[in-house]
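Protein chains in written order, with the numbering used here: chain A, 1 to 87; chain B, 88 to 520.
Backbone N, C-alpha and C fix where the C-beta goes; we use that ideal spot for every residue, glycine too.
Bear in mind that the values here come from a model prediction, so they are computed numbers and not experimental data.
For reference, the structure is listed below as structure tokens.
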Amino acid sequence: MRVNRHAAIKAALQQHLPNARLSAFTGSARLNADLAIDSIMLLQLIVHLELEHGFNLPEETLLTQELETVDDLARLLVANDHKEPSL
Amino acid sequence: MTAPLFYVDNTPYSQDDCDRIVAPWVNSGPFQNPASCRLAVCLQDTAHWLALCLWLKPLGASVLPIHPGTPRQAALTLAKDTGCSHLLFGDSLRDAAPETVDAPAHSGQATGGELIQLSSGTTGKPKTIARSWRDIDRELTAYVEHFTEAQPLTPVVACPVTHSYGLICGVLAALERGATPHVVTNLNPRFILSQLRSAPEHLLYASPTLVSLLIRILPPSETLHTVMLSGAPLSAPVLNQLRDRCQRLCQQYGCSEAGCVALTANVTEPGLLGTPLPHVSLDAGTSAEQPDDVLITIKGSGQHINTRDLGYFDAHGQLHFLARTDDTINVAGINVYPGAVEDVYLSYPGIREAVAYKQADSFAGERVCLRFVADSELDIDQLKQWSREYLSPHQVPAVIEQVETIPRLPNGKVSRRLLSEAPAHTLAAEVPA
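Listed below in structure tokens is the structure:
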């Protein structure tokens, strides 16, 4: 599962975020400092992971210091299977 | 427990909480004489920034809010460049002892204090803009009076409250109308949706990018309630997509010097900016065929501002934006507005982004050029041929290039000026495939 998540992150970056510095991609790469992913790019990445790779970040997950590296992001992702409450 | 003044994510903050947050600083250091303070503030904790701002505003202090992502050295430089006497930098107010900034003495501070801001710098170097709190209060009164549709709604502010849009129109206007703003700092899209669900009659303040992303993961059965747009008008296809997914789509327009100056609570087409707010008078062209620079006069101070935006009033007195004056392309004496060209190409299947810009031409003066990003490789000749059905001959780009990516400024905006200066092949060379 761990490997899948990393592969999904890499694929989403490759396909949708050409501004990211993909050559530095490893599990321990820092999203901002190493891969040049800013907050809006991170948001885009999360949306692509949700729509195309079946993962999401549960709503209680905070995007804070605990989310610094690719490994952190992979750890926070969960498989996309729960139902949405309606507005 | 007293009623919440505002929320930051899930945490409510009452007036008592705010008083507790600022208590250590009352009557100490530079705060002994707040009216003579010129403070730069860069705090990670948004609630602490808001508590400080709401405390200092009525005391007549001057404040430069700095986005929390800014490194210390950069914050210090900003503080110096804007003539601040002190910098407060840290996670929260508790660990941000005011450090003295070695800046040249600043003269000419308005009595009653100022909010100091830096303009976005889309067209050049950012410049310092100081607005008196009195001026901002006039804007707030006008904004609330004009935007009556907001009255029953809960503002959800998912944009920085260190900038005018989030701070003045999102937070301060909410407090002015007696509402409790919900400030969202956690940018997890699911978290933002949960905040919107918990306030079903919401008024969302966010960047167009964020709104577009939220709508992509919003289940098809759901809609957003009311959404405010600001900044550069969206393209027609994106705007229509948003209109389908929210009950009310609003758009506001303004500049750093004057704040919000026009607003519509129903955007029906991309450039529609609505009617002027009562604290300003606006001059612009008289029709789409005869647009002119949008000129702002602030009624209270008599200050005149040329926005360098090209616009016009329609027969119903609604202001329309056409282009930045600098971005308008003059083809042999005929004005071409980049947005009009871009909207046509964006309606072509597979084209995701399109930016029209100008290039000097010895015959025509200027020529329209276009760069686009698409899902697959497109035949340029075929595309050009197709576009002739929708564009006048002078609007059809002389050069059309398909590119991997369109470079953007740090604030997410496209600089057509930079595109005009750098040919695509040099940009492509900088971005490894």
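Tell me which same chain residues have a C-beta within less than 6 Å of the C-beta of residue i, skipping the five on either side of it?
i      : result
B/C337 : M315, A352
B/L326 : P357
B/T384 : S368, H391
B/A134 : V95, Y100
B/G200 : G147, A148, S149, W220
Compare the Cα-Cα distances from residue i to each of the options and report the closest residue.
i      : options                        : result
B/L350 : B/L360, B/S343, B/S507         : B/L360
B/W473 : B/Y444, B/R454, B/V428         : B/V428
B/I493 : B/I153, B/F450, B/Y444, B/E476 : B/Y444
B/D132 : B/L227, B/L174, B/R181, B/P287 : B/R181
B/A122 : B/T198, B/P111, B/C140, B/I108 : B/T198
B/P306 : B/D222, B/H269, B/R284, B/N275 : B/R284
B/S281 : B/D96, B/G426, B/A261          : B/D96
B/T362 : B/P324, B/V354, B/G404, B/G341 : B/G404
B/Q390 : B/D380, B/F408, B/L406, B/L369 : B/L369
B/H366 : B/D380, B/L382, B/E186, B/K386 : B/K386
B/Q119 : B/P185, B/S179, B/I108         : B/P185
A/H16  : A/E52, A/H6, A/N4, A/R5        : A/E52
B/V109 : B/P99, B/A183, B/G170          : B/A183
B/L259 : B/E491, B/V455, B/F93          : B/F93
B/E491 : B/R475, B/D462, B/L470, B/S507 : B/D462
B/A217 : B/P152, B/R264, B/E464         : B/P152
B/L291 : B/V271, B/S308, B/I304, B/A451 : B/V271
B/G156 : A/R75, A/I40, A/P18            : A/I40
A/T61  : A/L76, A/L49, A/F55            : A/L76
B/E464 : B/T169, B/I438, B/V486, B/Q328 : B/I438
Bridge partners of residue i, per DSSP?
i      : result
B/D380 : B/L397
B/R284 : Answer by DSSP bridge pairing: none, since B/R284 is not bridged.
A/L41  : Going by the sequence as given, residue 41 of chain A is Met instead of Leu. None; A/M41 has no bridge partner.
B/I416 : B/V423
B/T215 : B/L205
B/D224 : B/D224 pairs with nothing; no bridge assigned.
B/C337 : B/M315
B/F408 : B/G398
B/Q446 : B/R454
B/I385 : B/V367
Excluding the 5 residues flanking residue i on each side, which residues of the same chain have their C-beta closer than 7 Å to its C-beta?
i      : result
B/A441 : E429, Y432, L433, L457, F459
A/K10  : F25
A/E68  : R30, L31
B/P247 : H154, G253
A/D71  : G27, S28
B/E288 : P239, L240, T241, H312
B/G116 : P185
B/R495 : V501
B/R503 : D414, P425, V442, Y444
A/E66  : D72
B/L141 : C105
B/A451 : V418, A419
If I measure Cβ to Cβ from residue i and keep anything under 8 Å in the same chain, skipping five residues before and after, which residues do I get?
i      : result
B/Y340 : S317, C347, V348, A349, L350, L360, G361, L406, F408
So that I know if they touch, is there some Cβ in chain C lying closer than 9 Å to that of residue i?
i     : result
A/E66 : The question asks about chain C, but that chain is absent: this structure's protein chains are A and B.
**Asked** Below 8 Å, can you find three or more Cβ-Cβ pairs linking the stretch 199-207 of chain B to the stretch 327-336 of chain B?
**Response** no
**Message:** Between the stretch 145-155 of chain B and the stretch 230-241 of chain B, can you find at least three pairs of beta-carbon atoms closer than 8 Å?
**Reply:** no
**Request:** Could I get the ranges of all uninterrupted beta strand (DSSP E) runs contained in the stretch 461-512 of chain B, with 3 residues as the minimum, in chain order?
**Result:** For the stretch 461-512 of chain B, whole beta strand (DSSP E) runs of length 3 or above, ordered along the chain, are 486-489.
**Prompt:** Are there three or more Cβ pairs, one per stretch, closer than 8 Å when the stretch 29-36 of chain A is compared with the stretch 243-254 of chain B?
**Reply:** Not touching, per the Cβ criterion.
**Prompt:** Would you say the stretch 367-376 of chain B touches the stretch 394-411 of chain B, given that touching needs at least three Cβ pairs under 8 Å?
**Reply:** yes
**Message:** Across the stretch 117-132 of chain B and the stretch 165-181 of chain B, are there enough close Cβ pairs to call them in contact, namely three or more that are closer than 8 Å?
**Reply:** yes
**Prompt:** Does the count of Cβ pairs from the stretch 310-326 of chain B and the stretch 283-297 of chain B closer than 8 Å reach three?
**Reply:** yes
**Request:** Would you be able to state if there are at least three C-beta pairs under 8 Å between the stretch 300-308 of chain B and the stretch 40-60 of chain A?
**Result:** yes
**Asked** For the 8 Å Cβ check, are there 3 or more pairs between the stretch 272-282 of chain B and the stretch 156-170 of chain B?
**Response** no
**Asked** Between the stretch 417-428 of chain B and the stretch 467-482 of chain B, do three or more beta carbon pairs fall short of 8 Å?
**Response** yes
**Request:** Tell me the start and end of each unbroken alpha helix (DSSP H) in the stretch 139-192 of chain B that is at least 4 residues and wholly inside, in chain order.
**Result:** 159-168
**Message:** Threshold first: 4 residues or longer. Then list the alpha helix (DSSP H) segments lying entirely within the stretch 237-278 of chain B, N to C.
**Reply:** 260-263
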